[in-house]
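Asker: Per my numbering, the sequence shown starts with residue -3, numbered consecutively.
Structure below; questions to follow.
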Amino acid sequence: MENKSINRRAFLRNSAGLAAGALLLQAGANKVFGATAKTPVIPTVKLNNGLPMPLIGFGTNTLTGEVGTRSVADAISVGYRLIDTAHVYTNEEAVGEGIRQSGINRKELFITSKLWVDFAGYESTKKAFQTSIDKLGTDYLDLYLIHRPRGDVKGSWKAMEELYKAGKIKAIGVSNFEPAQLTGLMKDATVKPAVNQIETHVFFQENNLYEVLNKENIQHEAWSPFAAGRNNIFSNPTLAAIAQKHNKTIAQVCLRWHYQRGIVAIPRSQNKAHMMENLNIFDFELDVMDLQTIAVLDLNKTQFPEWG
Ligand SMILES: NC(=O)c1ccc[n+]([C@@H]2O[C@H](COP(=O)([O-])OP(=O)(O)OC[C@H]3O[C@@H](n4cnc5c(N)ncnc54)[C@H](OP(=O)(O)O)[C@@H]3O)[C@@H](O)[C@H]2O)c1
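Listed below in structure tokens is the structure:
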């Protein structure tokens, strides 16, 4: 199949222009992540191995059991195709059930899971990967990430490279890696990480890491794109003014900001109206003034100090 997703560097160039959303629509990304007449088109970005990845996905941390299953099925029904889970969320079975209930073809989805720190090392990574896909009820992952840079990261990476080369994972990457940790990993790697998933939102913009990832052609993926609601993000007066100017919500302004930076964002919600709202960001553009105003909101520190 011809790859219709837009090249990452071209995306970053285009997204500065006035018609980024329209350009992406013309690029025909929907052919890859099959939207229907009822669901919106979610543009994709091409990873460094050529794999298209949706620029908005669905986060599932804390969505366990029946809530997890229902939320994932709802998210897919309104158009999400990227589903982000992890061993440590204890919801891979619930997520898998939501996927089955959605009735969607597996090939239409982009499923991410993550290797937890307890399983760092060559043998344990292989076992943990198998456990994750068994729980999800799939025979491959689109993306598998080392969740945190702890323990025998090189052993884990070797196992992931083998799984990647065997076709069991379409792209491999990391999460919560600082530049020095990325460099250390890449020294002995035969496959370059495709993604680094890191905390990124208006209060922690990660500008330095953003530059490093762009330079390395490693996709920046934002976890907690709303800072999980912390620091009163949903009533922030600066964001409220920008939202009002565009007749949008604060959530949409936050996600549009990620999108215009070329960052993949994975908002979580268990509210179907919010899920739809969070996909409705492709018909407006933050202007230079908006971007400068948002830049000032950066506190340059984590909103989750308890996870440090
Ligand atoms: N790699 C890592 O170490 C790591 C760490 C943390 C998270 N993650 C991933 O990133 C995902 C997202 O981060 P997160 O779960 O921490 O939080 P988040 O997506 O930043 O925020 C979720 C919160 O925002 C609310 N919300 C969503 N849409 C909204 C809207 N349109 N209007 C108002 N409120 C809205 C949700 O409430 P409602 O449910 O009521 O909508 C929920 O309380 C996670 O689920 C997980 O997949 C990865």
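Using N, Cα and C, we set each Cβ at its ideal position, and we do this for glycine too.
Quick caveat: nothing in here was measured; it's all calculated off a predicted structure.
Taking the alpha-carbon of Pro39 as reference, which of Val292, Leu275, Lys161 has the nearest alpha-carbon?
Answerer: Ranking Val292, Leu275, Lys161 by Cα distance to Pro39 puts Leu275 first.
Asker: Could you check which residue in Met271, Gln299, Lys297, Asp114 has the C-alpha nearest to that of Leu78?
Answerer: Comparing Cα positions, the closest option is Met271.
Asker: Three or more C-beta pairs under 8 Å: does that hold for the stretch 164 to 183 against the stretch 55 to 74?
Answerer: No: fewer than three Cβ pairs fall under 8 Å.
Asker: Report yes if the CB atom of Gly53 is closer than 7 Å to the CB atom of Asp70, and no otherwise.
Answerer: No, the pair does not count as a contact, with Cβ atoms beyond the cut-off.
Asker: Got a sec? Which residues, its chain only, sit under 6 Å from Lys166 by beta carbon, not counting five neighbours each side?
Answerer: Leu47, Asp138, listed in sequence order.
Asker: With a cut-off of 8 Å, do at least 3 Cβ pairs link the stretch 192 to 200 to the stretch 212 to 231?
Answerer: The stretch 192 to 200, when compared against the stretch 212 to 231, does touch it at the 8 Å Cβ threshold.
Asker: Could you tell me the distance, in whole angstroms, from the CA atom of Glu157 to the CA atom of Thr186?
Answerer: Near 7 Å, if we compare the C-alpha coordinates of Thr186 and Glu157.
Asker: What residue from Leu235, Asn203, Asp279 has the CA that sits closest to Asn296's CA?
Answerer: It is Asn203 whose Cα lies nearest to the Cα of Asn296.
Asker: Beta-carbon separation of Leu293 and Val198 under 7 Å?
Answerer: Yes, they are a contact pair.
Asker: Does Val308 pass the burial test, meaning 16 or more other C-beta atoms within 10 Å, or should it be called exposed?
Answerer: Examination of residue 308 is not possible in this model, given that the chain is present from -3 through 304 alone.
Asker: Quick check: the stretch 127 to 134 against the stretch 145 to 157, are at least 3 beta-carbon pairs closer than 8 Å?
Answerer: In short, these stretches do not touch, since the Cβ pair count stays below three.
Asker: Shortest alpha-carbon distance to Thr86 belongs to which of Lys131, Ala155, Asn45, Met49?
Answerer: When each option's Cα is compared against that of Thr86, the closest is Lys131.
Asker: For the beta strand (DSSP E) containing Asp70, name the first residue and the last one.
Answerer: No beta strand (DSSP E) contains Asp70, which is instead part of the alpha helix (DSSP H) from 61 to 74.
Asker: Along the beta strand (DSSP E) that carries His210, what are the first and last residues, could you check?
Answerer: Note that residue 210 is Asn in the sequence shown here, rather than His. That residue, Asn210, is in no beta strand (DSSP E); its alpha helix (DSSP H) goes 203 to 212.
Asker: Counting only the same chain and skipping the five closest in sequence on each side, list residues whose C-beta sits under 7 Å from that of Ser265.
Answerer: Excluding positions up to five away in sequence, the list reads Met271, Asn274.
Asker: Check the DSSP bridge columns for His197 and list the partner residues they point to.
Answerer: DSSP, once it has assigned bridges, lists Phe200 as partnering His197.
Asker: Let me make sure I understand the geometry here. Which of Lys110, Leu159, Ile262, Gly99 has the alpha-carbon closest to that of Phe222?
Answerer: The residue with the shortest Cα to Cα distance from Phe222 is Ile262.
Asker: Using three-state DSSP, classify Ala155 as helix, strand or coil.
Answerer: Here Ala155 sits in helix by DSSP.
Asker: To the nearest angstrom, how far is the alpha carbon of Tyr255 from that of Leu111?
Answerer: Approximately 26 Å between the Cα atoms of the pair.
Asker: Mind checking Gly17: buried by the 16 CB within 10 Å criterion, or exposed?
Answerer: At Gly17, the pLDDT of 37 sits below 50, so the modelled position is not reliable; the number obtained from the coordinates is stated separately. Answer is buried; the Cβ neighbour count reaches 16.
Asker: What's the gap between the Cα of Phe308 and the Cα of Leu251?
Answerer: As displayed, the chain neither begins before -3 nor continues past 304, which places residue 308 out of reach and without an answer.
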